[in-house]
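Numbering-wise (this note's numbering), the sequence shown opens with residue 3 and increments by one.
Glycine included, every Cβ here is placed at the ideal spot set by N, Cα and C.
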Amino acid sequence: MGRRRKAREETLRILFRLEFENKQIEKTLNQYWESKKTTEEIKEYSTWLVNGIISDQEKIDNIIQQVSEHWRISRMAIVDRNILRMAVFELLYEKNIAPAIIINEAIEIAKKYSGDEAATFVNGILDAIRKNLKDIKKSLKDKEHA
C-alpha cells in the first residue's frame with residue numbers, strides 16, 4: 003500500500019472518531035498518533051488532511067451538497083461522507099496529484115471500508131464535482147476576494 007493511501011486511510015479513521023468527539027481535533031490527533039507506529043510522512047499528510055477538512059468543512063460540505071441531488075450530507079453514511087470530504091479537499095488543494103488519481107483513491111477506499119454501492123455513490127459525486135472543478139475553484143476565489 004502506498005504512503006498516500008495509508009495516510010488517507012488514517013485520515014478516514016481520525017475523521018470517523020471526530021464525528022463522535024465534538025471536534026476536539028488536537029486531542030484526538032495526539033491520542034491517535036500516540037497509538038500508531040507510522041512514518042512521519044504519513045502522519046504529516048494525514049494531519050494536513052484532517053486539519054484542512056475540519057477548517058473548510060462547511061465549504062466542502064456545500065460543494066458535496068450541490069451535486070448530491072437526493073442526499074443531504076447529514077443523511078449520508080459517516081464513512082461515505084468523510085471519504086467525500088477527504089477527496090473534495092484534495093481536489094481543491096492538492097497541487098501534485100491529478101484529480102483522476104484522487105477520485106480513484108476515494109473509490110478504492112470506499113470499496114474497502116463501505117462496499118461496492120458506496121464506491122459507485124462516491125464515484126458519481128466526485129465525478130460531478132470534477133466536471134465543475136474549475137468553476138468551483140473560481141467561485142471560491144471570488145468569495146475570498148469579496
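It is roughly 17 Å from the alpha-carbon of N53 to the alpha-carbon of R7.
Here the alpha carbon of S116 sits roughly 9 Å from the alpha carbon of A79.
Under the three-state reduction of DSSP output, D58 falls in the coil class, being neither helix nor strand. Put simply, the stretch 56-69 touches the stretch 90-102. At least three CB pairs are less than 8 Å apart. A contact between stretches requires three or more CB pairs, one per stretch, nearer than 8 Å, and the stretch 40-50 meets this requirement with the stretch 12-22. One thing to note: A100 has its Cβ no nearer than 7 Å to the Cβ of I85.
Ranked by Cα distance from K38, the first of I16, F123, Q26 and L51 is I16.
Using a 10 angstroms sphere on the CB of F22, the tally of other CB atoms stays under 16, which defines it as exposed.
In this chain, the alpha helix (DSSP H) harbouring G126 covers D118 to K133. Sixteen is the threshold: since fewer than 16 other Cβ atoms of the shown chains lie within 10 Å of the Cβ of T41, the residue is exposed. Taken in chain order, the whole alpha helix (DSSP H) runs of length 4 or more contained in the stretch 10-45 are 27-36.
DSSP places W50 within a helical segment (H, G or I) once states are collapsed to three. One thing to note: R87 has its Cβ within 7 Å of the Cβ of I62.
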